[in-house]
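Using mature numbering (1 follows the signal peptide of the UniProt record, and there is no 0), the letters of the sequence shown correspond one by one to residues -22 to -1, 1 to 186. Ideal Cβ positions, reconstructed from N, Cα and C, are used throughout, including at glycine. These notes are about the structure you will find just below.
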Amino acid sequence: MKIENLMRISLVCLLLASSCRAGDPVPKPWPLQFHAVVYTDNIGSEGTKAITDLYYDWVNGRNYNIVQKQLREKTWDLEWNNGTSFYFDLEQKTCRRMTFPVGVLRPNFLQDAQYVGVQTLDTFTCNVWEKVDFITYYEDVETQRPVGWLFYTGMFQHVITFEEGAVLSDPFWQAPSYCFTEEAEESDLILQNNGQVPLRRWLKGLSI
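Structural data, given as structure tokens:
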């Protein structure tokens, strides 16, 4: 009788293991805090190239994109979980305040994405997921680190470095004083013709 029970238990375990293996891979949620250096190829718009320092800080409800365009200006895109964003240029001392109905992208934003299979990106073997009208997301099969993502607009971002737990110190999260003057532009609309437009829609649209 004991042997029969053990056999039944073993069979159940094997069936459960087989079921788990048969299911689609699940994307790893983003770390609560990280720093990534991202290469952007804006193939769907102006063709602009850029290097972005992305600081994601879900713990404190904030996200930062420091964007250096190829042979052009550097811009700072500071986003808060209350829906307020500042887009500014330290050299030109210009700033635009923007308001969105939602805040920063949640760590598990891919939980309802559709798995589309295994593909190779930048020599890495990746599991790939899609969120309709937003993004195709590539994750390294071995490490589960993000390798890149392609926005529906054609902007492709490739992850160069990815540091879990890296945090930008608090003073750097303060927008310049001229962002709070009457001269600073304020709008509910997204800035046009810049490399961060798809990123804004993605971060804002998927944070609900």
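1) Does the Cβ of leucine 32 have 16 or more other Cβ atoms within 10 Å, making it buried, or fewer, making it exposed?
2) Count the other C-beta atoms from every protein chain shown that fall within 10 angstroms of the C-beta of leucine 56, then say buried if there are 16 or more, exposed otherwise.
3) Residues in the same chain with beta-carbon distance under 6 Å from tyrosine 42, minus the five sequence neighbours each way, listed in chain order, please.
4) Give the DSSP bridge partners of aspartate 19, in chain order.
5) Excluding sequence positions up to five away, which residues of its chain have a Cβ less than 8 Å from the Cβ of serine -4?
6) Between leucine 128 and the rest of its own chain, which residues show a CB-CB distance below 6 Å, the 5 nearest in sequence each way excluded?
7) Label threonine 139 either buried or exposed according to how many other C-beta atoms from any shown protein chain fall within 10 Å of its C-beta, with 16 as the threshold for buried.
8) By Cβ distance, which residues of its chain are closer than 7 Å to arginine 108, with the 5 residues on each side in sequence left out?
9) Are threonine 30 and isoleucine 44 close, meaning C-beta to C-beta below 8 Å?
10) Could you pull out every residue in the same chain whose Cβ sits closer than 6 Å to the Cβ of threonine 103, ignoring the five residues on either side in sequence?
11) Hey, how far is the Cα of valine 16 from the Cα of glutamate 161?
Let's see:
1) Start at 1 with the first residue of the sequence shown, and residue 32 comes out as number 54. Buried, by the Cβ-count rule.
2) In the sequence shown, residue 56 corresponds to position 78, counting from 1. By the neighbour-count definition (other C-beta atoms within 10 Å, threshold 16), leucine 56 is a buried residue.
3) For the purposes of this step, residue 42 is identified with residue 64 of the sequence shown, where counting begins at 1. Around tyrosine 42, the same chain offers Tyr33 and Leu56 as residues with beta carbons nearer than 6 Å, after the five sequence neighbours per side are excluded.
4) To locate residue 19, count along the sequence shown from 1; it is residue 41. In the DSSP output, where bridge partners are listed per residue, aspartate 19 has Lys27 and Phe134.
5) Along the sequence shown, one-based indexing puts residue -4 at 19. Annotation note: pLDDT 41 at serine -4 (below 50); position unreliable, coordinate value reported separately. If we look at serine -4 and ignore the five residues flanking it on each side, it has no Cβ neighbours.
6) For this step, residue 128 is matched to residue 150 along the sequence shown. Same-chain partners within the cutoff: Thr114 and Phe134.
7) The residue you call residue 139 lines up with position 161 of the sequence shown. Answer is exposed; the Cβ neighbour count stays below 16.
8) Reading the sequence shown from its first residue, position 130 is the one you call residue 108. Checking the sequence shown, residue 108 turns out to be glutamate, not arginine. Result list for glutamate 108: Ala91, Gln92, Val94 and Thr114, in chain order.
9) Within the sequence shown, numbered from 1, the residue matching residue 30 stands at position 52. Within the sequence shown, numbered from 1, the residue matching residue 44 stands at position 66. Remark: C-beta atoms of threonine 30 and isoleucine 44 approach each other more closely than 8 Å.
10) Your numbering for residue 103 matches position 125 in the sequence shown. Cβ within range, chain order: Val119.
11) To locate residue 16, count along the sequence shown from 1; it is residue 38. To locate residue 161, count along the sequence shown from 1; it is residue 183. Each residue's Cα considered, the two are about 32 Å apart.
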